[in-house]
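Counted from 1, the sequence shown has number 71 at position 72 by numbering that gives the first Met the number 0; the numbering is strictly sequential. Each remark here refers to the structure printed beneath this line.
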Amino acid sequence: MSVSVAQTALLDKEPQFRHTIPTRDGRTARNRARYTFTVLAFLLPSAIPLLLFVLGPMVAAAWVSLHKWNLLAPMQWVGLGNYAKLLTDPITGDVFLHTIYYIAGYLPLVYFGGLALALALNAALKGRSFLRGIYFLPVVTSWIVVALVWRWLLSPTTGIVNTVLAAVGIHGPGWWTDPHWAMPAIIVASSWKDLGFVMVILLAGLQAIPTELYDASKVDGAGWWRRLFSVTLPLLSPSTFFVIVISLINGFQVFDQVYAMTGGGPNGASEVVVQQIYDLTFRYGRAGEASALSWMLFAVVLAVTVIQIRGQRRWVTYG
């Protein structure tokens, strides 16, 4: 609401009243200050853990990355030496390549699988609420439990998967014991666990699409595939964008399933960046290099996220 003509005239004649007349949004300067402190007070319970457990450790890791430290002896200043050493170490390139390999296999599987489930469970099916719960159950299951189950399922000798393949005349691969199949085994287990999360997000997006658009497209003679590509996917793009960003960030941070299923083996074939950070810290006592590698990973994730956020304007449709 704009300031009235009488108030404007009073402000022009009496400058001393300018601090007592309500501002454009109806609050005096004192009320705005009180409102600001109230907001900060409500944010404080979340801001304190954020500072203590997120920003604080990040700053500490940045400081440690500039030192040589084995977690026991006093730290020795090396400046950017840890970063230079990591950039010239071929293992650093290998673990980043393995991580990208994991993301390249994981992201399409988890997205298209979750989309297929969301489309199927968005239809009028009997017992669809029960099916939604069943598909979401792996999401809330511990990663260690899921990884151990899949390690057993993909056992080269006694696993169910190879047993079924042998029954139809197919010699199953070595899975997590084979350098060529270790990462695909991890990708399959990870996609299976996260399908439910992607399904729920995309299902919420599907239910937000107005049914009138589908009715109008049917009147125009559009078939199922035309409605999918012309109505569903464009209006589902905000949910798709969210899922892709979250899945990429999770993909770069993959660790639990690698540690439980392969331990980074065999022969380092499935070792990823976070696995290398863990090994540098607790196996080799090189905490400075581990902290430097963690900051390198953060820089990569930040760059990828910024690129996605800027690129969303070209393909994400809001409203």
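Note that the Cβ used here is the ideal one computed from N, Cα and C, for glycine as well. Bear in mind the structure is a predicted one, so any value in this text is a computation, not a measurement.
Specify the secondary structure class of HIS66 as computed by DSSP and reduced to three states. Sequence index remark: in the sequence shown, residue 66 carries index 67 (1-based). If DSSP states are grouped into helix, strand and coil, HIS66 belongs with the strands.
Specify, as a first and last residue, the run of the alpha helix (DSSP H) that PRO237 falls within. Taking the first residue of the sequence shown as 1, we reach residue 237 at position 238. Run containing PRO237: 236 to 251, per the alpha helix (DSSP H) assignment.
Candidates SER154, LEU205, THR156, GLY126, of which the one nearest LEU118 by Cα: Residue 118 sits at position 119 when you count from the first residue of the sequence shown. When each option's Cα is compared against that of LEU118, the closest is LEU205.
Between the CA atoms of PHE95 and SER216 - distance to the nearest angstrom: In the sequence shown, the residue the question calls residue 216 occupies position 217. In the sequence shown, the residue the question calls residue 95 occupies position 96. The alpha-carbon atoms of SER216 and PHE95 are separated by roughly 45 Å.
Given this structure, state the Cα-to-Cα distance separating TYR213 from LEU39, to the nearest angstrom. What you label residue 213 is simply residue 214 of the sequence shown in a count that begins at 1. What you label residue 39 is simply residue 40 of the sequence shown in a count that begins at 1. Rounded to whole angstroms, TYR213 to LEU39 spans 45 Å at the Cα level.
Cut-off 8 Å between Cβ atoms - residues of its own chain near THR280, not counting five sequence neighbours on either side: Here residue 280 refers to the residue found at position 281 of the sequence shown. LEU70, ALA286, ALA289.
Report back the beta-carbon spacing between LEU292 and GLN275 to the nearest angstrom; my notes put them in contact at under 8 Å. Residue numbering aside, residue 292 sits at position 293 when the sequence shown is read from its first letter. Residue numbering aside, residue 275 sits at position 276 when the sequence shown is read from its first letter. With a Cβ gap of about 6 Å, LEU292 and GLN275 count as contacting.
Hey, out of LEU51, SER236, LYS84, whose CA is closest to VAL315's CA? Position 316 of the sequence shown, counted from the start, is the residue given in the question as residue 315. Looking at the Cα atoms, SER236 is the closest of the given residues.
Report the partner residues of TRP76 according to the DSSP bridge assignment. Along the sequence shown, read from residue 1 onward, the residue named residue 76 stands at position 77. Paired residues: HIS66.
Counting along the chain, where does the alpha helix (DSSP H) carrying HIS97 start and finish? In the sequence shown, the residue the question calls residue 97 occupies position 98. 89 to 120 is the extent of the alpha helix (DSSP H) around HIS97.
Limits of the unbroken alpha helix (DSSP H) element including TRP174: As a working mapping, residue 174 is identified with position 175 in the sequence shown. It is not in any alpha helix (DSSP H) - TRP174 carries neither H nor E in the DSSP assignment.
Selected residue, minimal CA-CA separation from HIS379, among PRO183, ALA188, LEU301: Limits of the chain in this structure are 0 at one end and 318 at the other, which puts residue 379 out of reach.
One question on the structure: do ILE143 and GLY250 come within less than 9 Å of each other, judged by their Cβ atoms? Counting from one through the sequence shown, the residue named residue 143 turns up at place 144. Counting from one through the sequence shown, the residue named residue 250 turns up at place 251. Not closer than 9 Å, so no.
Is the number of C-beta pairs between the segment 215 to 231 and the segment 161 to 173 that are closer than 8 Å three or more? no
Are LEU202 and VAL242 closer than 9 Å when you measure CB to CB? Position 203 of the sequence shown, counting from 1, holds the residue named residue 202. Position 243 of the sequence shown, counting from 1, holds the residue named residue 242. Their beta carbons are not under 9 Å apart, which means LEU202 does not touch VAL242 by this criterion.
Counting along the chain, where does the alpha helix (DSSP H) carrying THR210 start and finish? Within the sequence shown, the letter at position 211 stands for residue 210. Unbroken alpha helix (DSSP H) run through THR210: 210 to 218.
With DSSP as the reference, label GLY132 as helix, strand or coil. What you label residue 132 is simply residue 133 of the sequence shown in a count that begins at 1. It is helical.
Measure the alpha-carbon distance for PHE240 versus THR37 and round it to whole angstroms. Against the sequence shown, residue 240 aligns to sequence position 241. Against the sequence shown, residue 37 aligns to sequence position 38. Their backbone Cα atoms lie some 34 Å apart in a straight line.
Meets three-Cβ-pair contact criterion under 8 Å: the segment 188 to 201 and the segment 105 to 124: yes
Could you check what DSSP says for ILE169 in three-state terms: helix, strand or coil? If you number the sequence shown from 1, residue 169 lands on position 170. Looking at ILE169 - three-state DSSP - the assignment turns out to be coil, as it is neither helix nor strand.
Could you please give the first and the last residue of the uninterrupted alpha helix (DSSP H) stretch that includes ARG225? Here residue 225 refers to the residue found at position 226 of the sequence shown. Boundaries of the alpha helix (DSSP H) around ARG225: 223 to 226.
N-terminal and C-terminal residue of the alpha helix (DSSP H) that GLY262 is part of: For the purposes of this step, residue 262 is identified with residue 263 of the sequence shown, where counting begins at 1. GLY262 -> no alpha helix (DSSP H), and no H or E assigned at all.
Host alpha helix (DSSP H) of ALA207 (start-end): Position 208 of the sequence shown, counted from the first residue, corresponds to residue 207. Boundaries for ALA207: no alpha helix (DSSP H) harbours it, and the DSSP string shows neither H nor E there.
Just mark LEU282 as buried or exposed, buried being the case when its beta carbon has 16 or more other beta carbons within 10 Å. Start at 1 with the first residue of the sequence shown, and residue 282 comes out as number 283. Contrary to the premise, residue 282 reads as Arg rather than Leu in this sequence. Here ARG282 is exposed: its Cβ has fewer than 16 other Cβ atoms, across all protein chains shown, within 10 Å.
Here's the rule: buried if 16 or more other CB atoms are within 10 angstroms of the residue's CB, otherwise exposed. What is TRP180? For the purposes of this step, residue 180 is identified with residue 181 of the sequence shown, where counting begins at 1. Burial call: buried.
Burial state of TRP223 (16 or more Cβ within 10 Å): On the sequence shown, position 224 is the one that residue 223 refers to. Exposed: under 16 other Cβ atoms inside 10 Å.
Same chain only: Cβ atoms within 7 Å of PRO21, ignoring 5 sequence neighbours per side: Translated into positions along the sequence shown, residue 21 becomes position 22. Note that PRO21 scores 48 on pLDDT, short of 50, meaning its location in the model is unreliable and no value can be drawn from it.
How would you write the range of the alpha helix (DSSP H) that GLU288 sits in, first residue to last? Within the sequence shown, numbered from 1, the residue matching residue 288 stands at position 289. Residues 286 to 314.
Residues of its chain near TRP294, where Cβ-Cβ distance is below 7 Å and the 5 sequence neighbours each way are ignored: Numbered from its first residue, the sequence shown carries residue 294 at position 295. The answer, listed in chain order, is ALA60, ALA61, SER64.
Please report the Cβ distance between MET260 and TRP149, rounded to the nearest whole angstrom; I am assuming they are in contact, meaning their Cβ atoms lie under 8 Å. As a working mapping, residue 260 is identified with position 261 in the sequence shown. As a working mapping, residue 149 is identified with position 150 in the sequence shown. Right, the Cβ-Cβ distance comes to about 7 Å (below 8 Å), so this counts as a contact.
Can you look up PHE41 in the DSSP assignment and give me helix, strand or coil? Along the sequence shown, one-based indexing puts residue 41 at 42. Helix at PHE41.
LEU71 - DSSP class collapsed to helix/strand/coil: Within the sequence shown, numbered from 1, the residue matching residue 71 stands at position 72. Residue state, collapsed to three classes: coil.
Per-residue burial, THR231 [other beta carbons within 10 Å of its own, 16 or more giving buried]: Within the sequence shown, numbered from 1, the residue matching residue 231 stands at position 232. By the neighbour-count criterion, in which 16 or more other beta carbons inside 10 Å mark a residue as buried, THR231 falls on the buried side.
Using DSSP with H/G/I as helix, E/B as strand and the rest coil, what is LYS125? Here residue 125 refers to the residue found at position 126 of the sequence shown. Coil.
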